[in-house]
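First residue of the sequence shown? That's 332 in this note's numbering, and the numbers climb one at a time after it.
Please read the structure below before turning to the comments.
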Amino acid sequence: MSNRNALTERRPSTAGAPLWLARWMVAHPAPVPKAAVERALDQALQAMAPATPAQIAARLEMAFVLFRRPENFIDQQPAYLRALEDIPPDLLDQAMRQVEKKCKFLPTPAEIRVFIEDQLTERMVTAKRLEICLNNGRFNEGART
């Protein structure tokens, strides 16, 4: 048993990730009832829902307040939409705020993604771990949630 207290304990940084998930191991049952795992997985999947093409285009338009619109952007826009299509709206907004603060020119999609790649990966890992936990089929049905 660890002697770390609640203030020094490592907490998952993904918003909405259940605290127990950081310690859960596949060889063990989930420390919560199945319904709690299902709710957490549903929330994790909702947090992964990607921005629509219209949302991506609107957020790029907002960047043109600071950055000059490239003359050939009409040709580039489909590539931007494809490259950013898996990013949830809140992370896209966070990335674009960083672009506005730190970039001198309109960045490529890869440069935009750099600002939120860690958060996107954390969300994917959280959803995958919850899915594995649910598929594991072992739960503590007597636990309070």
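Glycine included, every Cβ here is placed at the ideal spot set by N, Cα and C.
Using only the alpha-carbon positions, how far apart do residue i and residue j sit?
i	j	result
I405	Q425	24 Å
V368	L451	20 Å
R413	L422	16 Å
N466	P381	24 Å
L391	I463	36 Å
P360	M379	25 Å
W355	R469	12 Å
N471	I447	35 Å
L461	Q386	28 Å
D417	V363	30 Å
A366	P420	27 Å
Q408	R370	37 Å
R341	W351	Note that R341 scores 36 on pLDDT, short of 50, meaning its location in the model is unreliable; the coordinates nonetheless yield the value given after this. Answer to the nearest angstrom: the Cα atoms are 11 Å apart.
Q374	V456	13 Å
P384	G473	44 Å
G432	A458	In the sequence on display, residue 432 carries Lys and not Gly. Straight-line Cα distance between these residues: approximately 30 Å.
R399	M427	15 Å
A388	F395	11 Å
V357	L437	44 Å
V430	L376	26 Å
Can you tell me whether DSSP reads residue i as helix, strand or coil?
i	result
A371	helix
R341	At R341, the pLDDT of 36 sits below 50, so the modelled position is not reliable and the matter cannot be decided from this model.
F395	coil
F404	helix
A378	helix
A441	helix
A410	helix
A348	coil
A361	strand
Mind reading off the beta-carbon distance from residue i to residue j? Whole number of angstroms is fine, and I expect it under 8 Å.
i	j	result
I443	L415	7 Å
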